[in-house]
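**Student:**
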Amino acid sequence: MGDAEVGSYAADLAARLVDLGDQAPRTWVSLGISGDKMTAEIVKRVLGTAAEPEAIHSVAFDRTKREAISRDDGDLPTDLGERSVLVIDAAVHSGASMRHLVDVLNARGCRSLLSYSLVVKITSEFVPCYFGLMIGEHDRAFFQLDRIPNNRLLRKAPFGAVRMLREDDIRREPDCLTCGVKSIDRMTYGDLWYDTRTKGSHVYLYEIGGEIAGYIHFKRTPENRLFIDLIANGTAFQGQGIGGVLMRWAETYARAARMSAIDLWAIEARMGFYRHHGYEAQDGRMDLGGEGEVYHLMRRRLLYNLKPEDLHVEAA
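Following this line, the structure appears as structure tokens:
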């Protein structure tokens with residue numbers, strides 16, 4: 001990706017930040033040298049506006065991934081004083097590096113976090129970005145350039161991370177996630193772990209402050225599709241967009257593997273949610289009888305060969 005194209009995406013984000021006005025985060029944190037380059041492109045486009053940052057901190061991590069090291073501009077404040085923070089990374093780093101930085105910022109009192117990453121990499125640890133673009137080794141682009149919703153900046157809930165289910169999760173108490181759907185509420189983390197070991201499926205958890213807020217369970221089918229078996233969103237975390245993040249993660253996984261479509265059985269009352277995410281009803285219905293739950297087969301076909309001009313991003 002050349003400098004002109006990078007500048008185009010930087011200009012697009014800068015315009016979105018300016019539109020936020022007084023609600024734009026005024027403290028920026030850049031992760032690594034690649035993040036510094038992207039930050040420089042963005043900041044020069046917001047100078048003199050309400051989105052101009054009051055402070056920019058450049059950080060890196062030591063090899064243990066446990067200590068944040070400030071670079072060139074003084075130490076990262078030990079107390080962020082309930083500030084909103086914009087984290088910028090050009091994603092040469094793994095999702096684990098971003099997750100560790102998020103942990104550091106939360107521990108220092110950050111009120112809310114907004115992340116920007118030009119490239120979202122496929123790793124076992126993944127921090128959801130409100131903007132993302134996969135290029136390079138992933139062959140085709142996956143765009144996630146939705147407008148920044150203001151509530152993302154105002155919400156005080158800790159920032160979450162998506163990670164793979166681990167064996168030690170089966171010893172959690174409680175041993176399942178209550179989401180209000182009978183057939184899903186009975187599914188324990190032990191059941192999910194067993195499926196990943198015996199059926200070749202994958203489970204990713206959305207974790208906030210050490211607490212599981214939701215999860216997604218999927219596998220690859222012989223027809224080269226991704227089949228989503230379960231999406232669970234804890235009752236205490238519903239309405240926060242977690243289900244949408246998990247859906248985007250599944251699509252990212254499917255695209256990286258060049259799958260043709262994503263299939264799932266949607267509970268009748270939730271079909272509108274899946275339609276919103278691009279799924280269409282197929283010929284298929286399943287009634288669980290005594291459970292009183294009716295499911296419909298839905299599918300989202302995956303399109304490739306997207307081009308930057310399709311996003312209407314103007315040149316820098």
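Here UniProt numbering is used: the first residue of the sequence shown is 1, the next is one more, and so on.
Don't be surprised by glycine CBs; every beta carbon is placed ideally from N, CA and C.
Which residues in the same chain have their Cβ closer than 6 Å to the Cβ of residue 372, if we skip the five residues on either side of it in sequence?
**Tutor:** Here the chain comprises residues numbered 1 to 316, so residue 372 is not present and cannot be evaluated.
**Student:** Relative to the alpha-carbon of leucine 31, which residue among Val104, Leu17, Ile216, His202 has its alpha-carbon at the smallest distance?
**Tutor:** Comparing Cα positions, the closest option is Val104.
**Student:** So, helix, strand or coil for asparagine 224, using DSSP?
**Tutor:** Note: asparagine 224 maps to coil in three-state DSSP.
**Student:** When the Cα atoms are used, what is the spatial distance from threonine 27 to glutamate 52?
**Tutor:** 9 Å
**Student:** Apply the 10 Å Cβ neighbour rule to glycine 180 and answer buried if 16 or more other Cβ atoms are within range, or exposed otherwise.
**Tutor:** exposed
**Student:** Quick check: the Cα distance between tyrosine 279 and isoleucine 88, rounded to an integer number of angstroms?
**Tutor:** 31 Å
**Student:** Count the other C-beta atoms from every protein chain shown that fall within 10 angstroms of the C-beta of asparagine 233, then say buried if there are 16 or more, exposed otherwise.
**Tutor:** buried
**Student:** Alpha carbon to alpha carbon, what distance is there between proline 222 and residue 317?
**Tutor:** For residue 317 there is no data in the structure shown, the boundaries of the chain being 1 and 316.
**Student:** Would you kindly report the start and end of the unbroken beta strand (DSSP E) that includes serine 184?
**Tutor:** Before going further, note that residue 184 is isoleucine rather than serine in the sequence given. Note, isoleucine 184: premise wrong, no beta strand (DSSP E); alpha helix (DSSP H) at 182-185.
**Student:** In angstroms with no decimal places, state the Cα-to-Cα distance between leucine 297 and isoleucine 228.
**Tutor:** Cα to Cα, leucine 297 sits roughly 11 Å from isoleucine 228.
**Student:** Could you tell me the boundaries of the alpha helix (DSSP H) in which tyrosine 194 lies?
**Tutor:** Under the DSSP assignment, tyrosine 194 falls in the alpha helix (DSSP H) whose first and last residues are 189-198.
**Student:** When every heavy atom of the ligand FMN is checked, does at least one fall within less than 7 Å of the C-beta of glutamate 82?
**Tutor:** Questions concerning the ligand FMN fall outside what the structure shown contains, since it holds no ligand whatsoever.
**Student:** Given 8 Å as the limit, is there contact between the region 238-249 and the region 186-197, that is, 3 or more CB pairs closer than that?
**Tutor:** With a cut-off of 8 Å on Cβ pairs, the region 238-249 is not in contact with the region 186-197, counting fewer than three such pairs.
**Student:** Tell me whether residue 328 is buried or exposed, calling it buried when 16 or more other Cβ atoms sit within 10 Å of its Cβ.
**Tutor:** The structure shown does not extend to residue 328, since the chain is modelled only from 1 through 316, so no value can be given for it.
**Student:** Quick one: what does DSSP say leucine 13 is sitting in, helix, strand or coil?
**Tutor:** Three-state DSSP puts leucine 13 in a helix.
**Student:** Given that a residue counts as buried once 16 or more other Cβ atoms are within 10 Å of its Cβ, and exposed if not, what is histidine 276?
**Tutor:** exposed
**Student:** Classify proline 25: buried if its beta carbon has 16 or more other beta carbons within 10 angstroms, exposed otherwise.
**Tutor:** So proline 25 counts as buried.
**Student:** Are there 16 or more other CB atoms within 10 angstroms of the CB of methionine 187, so buried, or fewer, so exposed?
**Tutor:** Burial of methionine 187 is indicated by the presence of at least 16 other C-beta atoms within 10 angstroms of its C-beta.
**Student:** With DSSP collapsed to three states, give me the class of arginine 300.
**Tutor:** strand
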